[in-house]
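Read the structure below first, then the notes.
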Amino acid sequence: MSSPDPQVFRTRPGNRRRLTPPGEAELDRLAAAGEASGWLSPLAYNLTVSHSHRFVWYRVAKVATRSIRHHCETHGVTLDVDHAMRVRYPLASYDDYFTFAFVRDPLDRFVSAWHDKVVDHNYYDFDAATHARMQSVEEFARWTATHDLAAVPGTDQHLTLQSRMIDLNRVDFVGRLETFGRDFAEVCVRIGAPSEPSAPQNQTAPGGRDRQASDELRALVARMYRRDYQVFGYPVPGESA
C-alpha cells in the first residue's frame, strides 16, 4: 500500500476541527489495513499541519496555542489541518515535516486551566453547588485527580498530561512557555516564517498566581503530573532541587 500524499489531509472550511471527507476516507483506508501495518500513529493527537511550511504542531492546550495560531495567521502561514482533534496521522507521510510542541510548568498550567475553565467560566458544566466548591483550586485538583489524565479520548484536553499530547518518538523540537520568545523564534526559523520577539497571549505568568500555592495543591499536582515533570525536567513542587 502506497504512502498517502500528506496534502490530502486538510480541515474543512468553516469547521477547523474536522478533516475534509477525502482526508477522513484516507485515514479509514489506513486503519482498515490493520494495526500491524504501522501506517498510522498508534495514538491520537491534537494536530495542526501546514503543507506550505511543512510542519506538524502537536497542540498542547493552555500552552500558547492562541499566540502561535495568531502568528501564523498574521504572517500568511496556511494551516491546512487547522485544529484537528484526537487524530491518528500517517507517520511516513510526514517524515520530512518539522514537528514541534510547546510545554509549560505543570503547576502553572493547571492553575491557568482552573482560572479559565472554572473561575471565569463553567466549562465543565458543574451544578451550582459543585461550581461553588470548585472555586477552591484544591477542590478542583481533588476532582481532577479522580481522572486518568493519560486517557485520550476520555480526559479534557486542558487537563491531559502534556507528555500524552505530544508524539515523543517523533517530535523534533519542544519549546517552553517560560522561554517562549526565544524558542518560538527558533521554530519560525525552522519553518521559514517571519520571526518577531513576542510573549504568549493570555498567559498566567509563571510563578504568578500560583506562587502562594498551598502544600496540598503542590502535592496533588506533583502526583497527577509526575510523568510531565519527569519527561520535561521541571522542578517537582515541594521537592528540593
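In the working numbering, the protein residues as written are 1058 to 1298. Cβ atoms here follow ideal geometry from the backbone N, Cα and C, with glycine treated the same way.
For the options E1195, N1103, V1113, the alpha carbon positioned closest to that of M1222 is the one of N1103. For G1238, the enclosing alpha helix (DSSP H) stretches over residues 1237-1248. Distances from the alpha-carbon of D1229 to those of H1128, D1152, P1294 put D1152 closest. DSSP places F1289 inside the alpha helix (DSSP H), whose first and last residues are 1283-1289. Distance from the CA atom of S1252 to the CA atom of T1187, rounded to whole angstroms, is 44 angstroms. The C-beta separation of Y1146 from S1098 comes to about 5 angstroms, placing the pair in contact by the 8 angstroms criterion. DSSP lists F1112 as the bridge partner or partners of S1107.
In the same chain as V1246, and ignoring 5 residues on each side of it, the C-beta atoms closer than 7 angstroms to its own belong to S1252, in chain order.
By the Cβ-count criterion, G1080 is buried, with 16 or more other Cβ atoms from all chains shown falling within 10 Å of its own Cβ. Nearest to L1084 by C-alpha distance, out of D1224, S1060, L1216, is S1060. Burial check for P1210: the Cβ neighbour count within 10 Å stays below 16, so the residue is exposed.
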